[in-house]
């Protein structure tokens, strides 16, 4: 939870969990995918106002070889994770060591 001190972040997450446990719908938006993965059982992934996915995190991961939510999002949004970009950038290149 960006912009909050650790205590406020903890308190907000606990309050959200309590509301969900009481059967209430908790709707929030975040760019911090670890928080979404930690708190949510149902997510919608958006890109420029278009819904790319709407369902459970379990189904999303099961259909994507149980990768991290961050890795799945990057692939869905058309941006490969850095390690994949590095492999693509280095294909066919060789490095020389000097000195």
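Residue numbers (the UniProt record's numbering): 1 to 99.
All residues carry an ideal CB built from backbone N, CA and C; glycine is no exception.
Keep in mind that this is a model prediction, so the values were computed, not measured.
ask   = Is the CB-CB distance between residue 16 and residue 32 below 7 Å?
value = no
C-alpha gap between residue 62 and residue 22, whole angstroms = 28 Å
key: Assigned exposure category for residue 69 - 16 Cβ within 10 Å defines buried   = buried
query = Could you check where the alpha helix (DSSP H) with residue 43 kicks off and where it finishes?
reply = Residue 43 -> not in any alpha helix (DSSP H); beta strand (DSSP E) instead, spanning 42-47.
query = What number of angstroms, rounded off, separates the C-alpha of residue 79 from the C-alpha of residue 37?
reply = 20 Å
inquiry  = Please classify residue 10 as buried or exposed, where buried requires at least 16 other C-beta atoms within 10 Å of its C-beta.
reply    = exposed
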